[in-house]
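This report refers to the structure that appears directly beneath it.
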Amino acid sequence: MYNSNMSKLKIAELFYSIQGEGRYMGVPSVFLRTFGCNFKCAGFGMPRGELSTEVETIAFAHDNTPYKDYKDLPLVSTGCDSYASWDPRFKDLSPMLTTDAIVERIMEILPHGEWRDEHLVITGGEPLLGWQRAYPDLLDHPKMQGLKEITFETNGTQKLTPEFKQYLENWKLKDNKSWCESITFSISAKLPCSGEKWEDAICPSIVREYEDVGYAYLKFVIATEQDFADAECAIAAFRKADFEGHIFLMPVGGVESVYSLNNRAVADIAMKHGLRYSDRLQVPLFKNEWGT
Ligand code: SF4
Numbered sequence: 001m002y003n004s005n006m007s008k009l010k011i012a013e014l015f016y017s018i019q020g021e022g023r024y025m026g027v028p029s030v031f032l033r034t035f036g037c038n039f040k041c042a043g044f045g046m047p048r049g050e051l052s053t054e055v056e057t058i059a060f061a062h063d064n065t066p067y068k069d070y071k072d073l074p075l076v077s078t079g080c081d082s083y084a085s086w087d088p089r090f091k092d093l094s095p096m097l098t099t100d101a102i103v104e105r106i107m108e109i110l111p112h113g114e115w116r117d118e119h120l121v122i123t124g125g126e127p128l129l130g131w132q133r134a135y136p137d138l139l140d141h142p143k144m145q146g147l148k149e150i151t152f153e154t155n156g157t158q159k160l161t162p163e164f165k166q167y168l169e170n171w172k173l174k175d176n177k178s179w180c181e182s183i184t185f186s187i188s189a190k191l192p193c194s195g196e197k198w199e200d201a202i203c204p205s206i207v208r209e210y211e212d213v214g215y216a217y218l219k220f221v222i223a224t225e226q227d228f229a230d231a232e233c234a235i236a237a238f239r240k241a242d243f244e245g246h247i248f249l250m251p252v253g254g255v256e257s258v259y260s261l262n263n264r265a266v267a268d269i270a271m272k273h274g275l276r277y278s279d280r281l282q283v284p285l286f287k288n289e290w291g292t
């Protein structure tokens, strides 16, 4: 039942685009990017063992002359390409919105003012951090009843709370949704090239549990053969915990200059090992601008 005591979510971005990655590549989608992450991933695009300082430079500039809008923030070629969705120095750019306000905005950006074939991507940051308690209010809103498919884009480190797990169980049974189509977990488990520690980032038992309530797949960001060797170790750990989902390899690169250097090489590695390749359509199509 819809709770009129609306929850609030801190929203970094809310936009309509085409899903560029993973299972739903090419599907028209509403992206709800929540604020906050438990990682920094400053190692992306850097020599092994080194961390990017690009965000420090942007934060310094923001301190002196604040950016007014998300869209004005510079894109980065190293580190996390969604830094403003978790770095506290940019938190003022992400408003706290009621679920009612979020739903009204979603209705404005959907092409027909209602859910049809579009799917909802709840992303971050890390969307399963503290916001699990607020999603039921959002999804139970009367105007969200036409929604049939949701993807949670997660780093795979956050356990589902028993309450939210139960809620998702019930949600996917409503309106005779097919369980395998209705809820997806796109898990981008972080390898050492992210700069995060293995023991913090590779959490097989947590990821295995996502399969209890939906279809889950792993997506590894790869730049080198060494990254692939790390991915193989991670895959072995996930399989040992009985994770059954598909495995995608995806090239590193939030900007075209980096992405185009290694997309073909990653596709070749995926083919060689019989794994799935995920592109990053948002890079060649939209240059990975904010809001795409
Ligand atoms: S987990 Fe994702 S959002 Fe969080 S820092 Fe890493 S790449 Fe960025």
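Following our numbering, the numbering of the sequence shown begins with 1 at its first residue and continues without gaps.
In this text, a Cβ means the ideal position worked out from N, Cα and C, and glycines have one as well.
Name the residue from A84, F60, P127 whose alpha carbon lies nearest to the alpha carbon of I93.
-> Correcting the residue identity first, residue 93 is Leu in this sequence and not Ile. Checked all of A84, F60, P127; the closest Cα to L93 is A84.
By DSSP, does Y277 sit in helix, in strand, or in coil?
-> The answer is strand: DSSP assigns Y277 an E or B state.
With respect to the beta strand (DSSP E) encompassing K219, which residues constitute its N-terminal and C-terminal limits?
-> 215–222
Sufficient close CB pairs (3 or more, under 8 Å) joining the region 57–66 to the region 202–212 | no
Please state whether DSSP places T53 in a helix, a strand or coil.
-> DSSP places T53 in coil when its eight states are reduced to three.
In the region 145–185, which residue ranges form an unbroken beta strand (DSSP E) of at least 3 residues, counting only runs that do not cross its ends?
-> Within the region 145–185, the runs of beta strand (DSSP E) at least 3 residues long that lie entirely inside it are, in chain order, 150–154.
Close Cβ partners of F164 (< 6 Å) along its chain, the five nearest in sequence each way excluded = Q132
Thinking E118 and S29 are a contact (beta carbons under 8 Å), I'd like their distance in whole angstroms, please.
-> 6 Å
DSSP on M202, reduced to helix/strand/coil?
-> Checking the sequence, you will find Ile at residue 202 rather than Met. Three-state DSSP puts I202 in coil, outside helix and strand.
Own chain, CB closer than 8 Å to P95, minus 5 neighbours either side, in chain order = Hits under 8 Å: K10, I11.
Under a Cβ-count criterion, where at least 16 other Cβ atoms within 10 Å of its own Cβ denotes burial, should W115 be classed as buried or exposed?
-> buried
CB-CB length for I187 against G156, believed under 8 Å = The C-beta separation of I187 from G156 comes to about 4 Å, placing the pair in contact by the 8 Å criterion.
Would you call A236 buried or exposed, if buried means 16 or more other Cβ atoms sit within 10 Å of its Cβ?
-> exposed
Separation of N64 from F238, as counted between CA atoms | Distance from the CA atom of F238 to the CA atom of N64, rounded to whole angstroms, is 45 Å.
Exposed unless 16 or more other CB atoms sit within 10 angstroms - verdict on G26 = exposed
CB-CB under 8 Å to A182, same chain, minus the five flanking residues each way: which ones, in chain order?
-> Here residue 182 turns out to be Ser, not Ala, going by the sequence shown. Cβ within range, chain order: K148, E149, I150, W171, K172, G214.
So what does DSSP say about A231, is it helix, strand or coil?
-> helix
Say yes only if the C-beta of G45 is nearer than 6 Å to one or more non-hydrogen atoms of the ligand SF4, and no if none qualify.
-> no
Would you say S82 touches the ligand SF4, meaning its beta carbon is less than 6 Å from a heavy atom?
-> Correct: S82 has its Cβ closer than 6 Å to the ligand SF4.
Going by the beta-carbon positions, is the gap between R208 and H246 smaller than 7 Å?
-> no
Bounding residues of the beta strand (DSSP E) (the contiguous stretch that carries V121) = Per DSSP, the continuous beta strand (DSSP E) segment holding V121 begins and ends at 119–123.
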